[in-house]
Amino acid sequence: MLSAGLLTRKSMQTTRNYFFDILRILAVLLVVTSHYSYMFDTSTVLTFPREYLTGGIGRLGVSFFFMISGALAYLSLRKYSVQEYYLKRVYSILLPYNIAYFSMAILFLILSVFFLYPGNPLADVLAGKRAFHSLLPSVLGFDHYLHGVYDINTAYFTGEWFIGCIILLYAVSPVIYWAIVRFPVCTMLAAVVVTLLAYDKSIVNPYWSAQVRVSDFTFGCCSYTFSRGSRATVFRRRQSACCWW
Numbered sequence: 001m002l003s004a005g006l007l008t009r010k011s012m013q014t015t016r017n018y019f020f021d022i023l024r025i026l027a028v029l030l031v032v033t034s035h036y037s038y039m040f041d042t043s044t045v046l047t048f049p050r051e052y053l054t055g056g057i058g059r060l061g062v063s064f065f066f067m068i069s070g071a072l073a074y075l076s077l078r079k080y081s082v083q084e085y086y087l088k089r090v091y092s093i094l095l096p097y098n099i100a101y102f103s104m105a106i107l108f109l110i111l112s113v114f115f116l117y118p119g120n121p122l123a124d125v126l127a128g129k130r131a132f133h134s135l136l137p138s139v140l141g142f143d144h145y146l147h148g149v150y151d152i153n154t155a156y157f158t159g160e161w162f163i164g165c166i167i168l169l170y171a172v173s174p175v176i177y178w179a180i181v182r183f184p185v186c187t188m189l190a191a192v193v194v195t196l197l198a199y200d201k202s203i204v205n206p207y208w209s210a211q212v213r214v215s216d217f218t219f220g221c222c223s224y225t226f227s228r229g230s231r232a233t234v235f236r237r238r239q240s241a242c243c244w245w
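Using full-length UniProt numbering, read the sequence shown as starting at 1 and increasing by one per residue.
This is the structure in structure tokens:
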């Protein structure tokens, strides 16, 4: 009986939750399809991509990414202290982002010997067209987020608004985690209210705002909370059955 219970517990702990893997694949497909469909914006023959595949499905895919991030943030905050959690986010997001950002900027700077790439922030700084401190939002991952949401002139290199948005959500995630552990339903409702109040149509890209996306992120945290509760119930039932036998 004891061995059966231990085997059941071990099998539950090692079982991988494939739901988020499937959701991640779906999100990638939606975002990639949306981005590639923009090439048909000016087409008078193929109007289906412009009318049905651009924008909407891409935003849905991004919502899935925020939900996955929320669920994984919940899992990390269960394992690590807040300080460790923040350090891991810096290592996993800001460090790779800066490597990619400045590697491409240096590459285009070298290739500028053969062709001109307008808008290279590093080239503008070296040419004296921009101040060196204008790269600070880029180093922190907020350059395109500030430009896309608040129309601030930053030295953004490409459309990486998601980085700034997810950094803000990760910054407040310990508070969200604390609230969800104690008041999951109320926390989810509060996040929805924040989203509705923060959605401003006068902004060029309101759906890029962290305040708007906080409900997606919180929903991911809540989904993991509720799924843990349902798995615990199933486990207790299986454990009772094993003990009975």
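Every residue, glycine too, gets a C-beta built ideally from N, C-alpha and C.
What residue range does the alpha helix (DSSP H) around residue i cover?
i: L121; result: Correcting the residue type first, residue 121 is Pro in the shown sequence and not Leu. First-last of the alpha helix (DSSP H) with P121: 121 to 126.
i: I110; result: 95 to 111
i: S43; result: Neither: S43 is in no alpha helix (DSSP H) and is coded neither H nor E.
i: A179; result: 161 to 182
i: L146; result: 143 to 150
i: L116; result: Per DSSP, L116 belongs to no alpha helix (DSSP H) and is neither H nor E.
i: Y85; result: 82 to 89
Please state the DSSP three-state secondary structure of residue i.
i: L77; result: helix
i: A190; result: helix
i: F19; result: helix
i: P137; result: helix
i: T225; result: helix
i: R130; result: coil
i: T154; result: coil
i: T54; result: coil
i: S215; result: helix
i: R9; result: With a pLDDT of 48 at R9, under the threshold of 50, the modelled position of that residue is not reliable, and no figure is offered here.
i: Y36; result: helix
i: I68; result: helix
i: I203; result: coil
Quick one, which of the options has its alpha-carbon nearest residue i's?
i: S34; options: I57, L26, I25, I22; result: I57
i: G148; options: A210, T44, Y80, F115; result: A210
i: S215; options: T54, T154, V31, A71; result: A71
i: S63; options: Y97, T42, S37, L26; result: L26
i: L90; options: C222, L140, L60; result: Sequence inspection shows Val at residue 90; the Leu mentioned does not correspond to that position. Nearest option by C-alpha distance: L140.
i: L87; options: G119, P206, A171; result: A171
i: R78; options: V212, I180, F219, C186; result: I180
i: D41; options: L53, V31, Y18; result: L53
i: S134; options: L60, A73, A155, S37; result: A155
i: S173; options: C222, N153, L60; result: C222
May I ask whether a heavy atom of the ligand ZN can be found less than 7 angstroms away from the beta carbon of residue i?
i: V82; result: As presented, the structure is devoid of all ligands, the ligand ZN included, so that no description of it is given.
Looking at C-beta atoms only, is the number of pairs between the stretch 92 to 112 and the stretch 191 to 205 that lie closer than 8 angstroms three or more? no
Stretch-stretch touch, CB-based, cutoff 8 angstroms, three pairs: the stretch 159 to 175 with the stretch 126 to 143: yes
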